[in-house]
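Okay, structure first, notes after.
Residue numbers (the numbering used here): 3 to 151.
What follows is the structure in structure tokens.
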């Protein structure tokens, strides 16, 4: 039985990655290439897929008339995917937050920092969407009123 993802399960990877990336960027930011706008797009794509999958799983769990049949193992895999996506998104969000913390103080003086701040904000928003989609997918796979979940 998979237990529900807690705030602590999300805060630990977020803060750990934030600290590590923040330290790594302290001395190396000037030698890095600018971030690409394409970096956050896979996060958005995965979030869209997981939002749609969460609706399908919820319809199956609630025995909706038009819901397509899913096996129990497929629903369990969806719950695991949602949990993994939420935790992974928290970690990636920590990396984007660290980049924002690094570039915001030099935002007005360095052109590359302006670009990196925009991409980092986009990445942080995409991470938040994926985190929400992952949690929704995980929660959708839980049987309502089940004392074990």
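Ideal Cβ positions, reconstructed from N, Cα and C, are used throughout, including at glycine.
Assigned exposure category for residue i - 16 Cβ within 10 Å defines buried
i           : result
residue 7   : buried
residue 68  : exposed
residue 71  : exposed
residue 122 : buried
residue 92  : buried
residue 16  : buried
residue 34  : exposed
Backbone secondary structure at residue i - three-state DSSP
i           : result
residue 64  : coil
residue 5   : coil
residue 38  : coil
residue 87  : helix
residue 111 : coil
residue 23  : helix
residue 69  : coil
residue 145 : coil
Beta-carbon contacts of residue i that lie in its chain and below 6 Å, excluding the five residues immediately before and after
i          : result
residue 94 : 129
residue 61 : 69
residue 19 : 93, 96, 97
residue 49 : 131, 132, 135
Cβ-Cβ separation, residue j to residue i (assumed contact under 8 Å), whole Å
i          : j         : result
residue 82 : residue 4 : 6 Å
Cβ neighbours of residue i in the same chain (closer than 7 Å, five flanking residues each side left out)
i          : result
residue 36 : 114, 117, 118
residue 80 : 55, 59, 139, 143
residue 31 : 104
residue 46 : 128, 131
Own chain, CB closer than 8 Å to residue i, minus 5 neighbours either side, in chain order
i           : result
residue 24  : 100, 103, 104
residue 57  : 142
residue 133 : 12, 87, 88, 91, 92, 95
residue 63  : 77, 142, 143, 144, 145, 146
residue 40  : none
CA-to-CA distance, residue j to residue i, given in whole angstroms
i           : j           : result
residue 106 : residue 10  : 27 Å
residue 139 : residue 111 : 42 Å
residue 52  : residue 38  : 24 Å
residue 43  : residue 73  : 30 Å
residue 109 : residue 124 : 16 Å
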